[in-house]
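Chains as they are written, first to last, in our numbering: chain F, 123 to 236; chain B, 99 to 217.
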């Protein structure tokens with residue numbers, strides 16, 4: 123079984139500052155990792171994904187994440203945030219066990235201040 | 099090419115009534131997932147379906163909840179005899195398939211959600 127832990131429930135940050143949202147996972151099998159973003163009253167949108175290959179993954183809106191197998195982490199980073207980045211961010215893990223089941227973390231609320 | 103369509107967007111029910119939430123997957127997607135999001139909480143996996151087949155329902159409450167994905171028509175999440183604790187946003191997502199050899203097979207596309215309020 124897989125599990126996902128997002129270490130920060132809320133992250134306040136000033137505009138144009140860098141940000142890191144932390145995510146750790148556990149699984150007994152190989153996993154695929156994702157970050158999704160949710161804006162108020164909307165569904166989730168895919169930010170980026172790690173399926174295989176390079177451990178540094180670039181996504182939309184200037185976000186990137188690094189897969190670290192030894193530390194079982196998949197932290198999300200952005201060098202300079204904008205007000206419009208204010209949203210809820212979810213880390214997710216998916217493993218193939220006869221079918222894909224995707225498990226989400228509890229979410230991190232990023233609040234960008236002017 | 100419409101995305102994942104959920105309806106109704108908002109549903110109000112009184113305790114004891116039934117709630118039916120519908121989800122039409124993205125064109126070309128054959129797998130549907132249902133998640134529940136409670137206020138200030140993350141998404142909790144409920145059930146994962148393929149056409150006419152439930153693949154994993156380990157997150158479904160044992161009573162009052164059921165899901166189906168018929169050969170024709172949308173997937174339906176049904177909640178019988180609703181209680182106040184069922185008030186939540188219910189999200190549907192779809193994916194192209196389950197073959198691990200197919201790139202993107204497990205990338206989920208989400209609908210906008212159905213918000214259930216039980217009075």
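By construction, the Cβ of each residue, glycine as well, lies at the ideal position given by its N, Cα and C atoms.
Looking at the DSSP output, residue 134/F shares a beta bridge with 233/F.
If you check each beta-carbon in the segment 193-225 of chain F against every beta-carbon of chain B, the ones closer than 7 Å belong to 212, 216, 218, 221, 222, 223, 224 and 225. In the three-state reduction of the DSSP assignment, residue 206/F falls in the helix class, which pools H, G and I. Note that the segment 213-233 of chain F touches the segment 127-143 of chain F; at least 3 beta-carbon pairs, one per stretch, sit closer than 8 Å.
Annotation: residue 236/F to residue 164/B spans about 46 Å, alpha carbon to alpha carbon. Using a C-beta cut-off of 8 Å, the segment 110-121 of chain B makes no contact with the segment 143-154 of chain F, since fewer than three inter-stretch Cβ pairs fall below that distance. Interface annotation, residue 232/F: not in contact with chain B, CB-CB separation never under 8 Å.
If you draw a straight line from the Cα of residue 180/F to the Cα of residue 181/B, it comes to about 43 Å. Residues of chain B with a Cβ closer than 8 Å to the Cβ of residue 166/F are, in chain order, 141, 189, 191, 206 and 208. Ranked by Cα distance from residue 191/B, the first of 138/B, 117/B, 142/B and 137/B is 142/B. In chain order, 221 make up the part of chain F whose C-beta sits under 7 Å from the C-beta of residue 153/B. Counting every other CB atom within 10 Å of its CB across the protein chains shown gives residue 116/B a total below 16, marking it as exposed. Residue 171/F sits close to residue 205/B, with the two beta carbons spaced by under 8 Å. Beta-bridge partners of residue 216/F (DSSP): 154/F and 224/F. The segment 194-204 of chain F makes no contact with the segment 126-139 of chain B: fewer than 3 CB pairs, one atom from each, lie closer than 8 Å. The beta-carbon of residue 126/B is placed no less than 8 Å from the nearest beta-carbon of chain F. Membership of residue 154/B in the beta strand (DSSP E) is indicated by the continuous run 151-154.
Taking C-alpha positions only, residue 213/F is separated from residue 158/B by approximately 21 Å. The continuous stretches of beta strand (DSSP E) do not include residue 191/F, and DSSP gives it neither H nor E. CA-CA distance, residue 146/F to residue 122/B, rounds to 32 Å. When DSSP states are grouped into helix, strand and coil, residue 183/F belongs to the helix group.
Cβ atoms of residue 185/F and residue 198/F come within 8 Å of each other, at about 6 Å.
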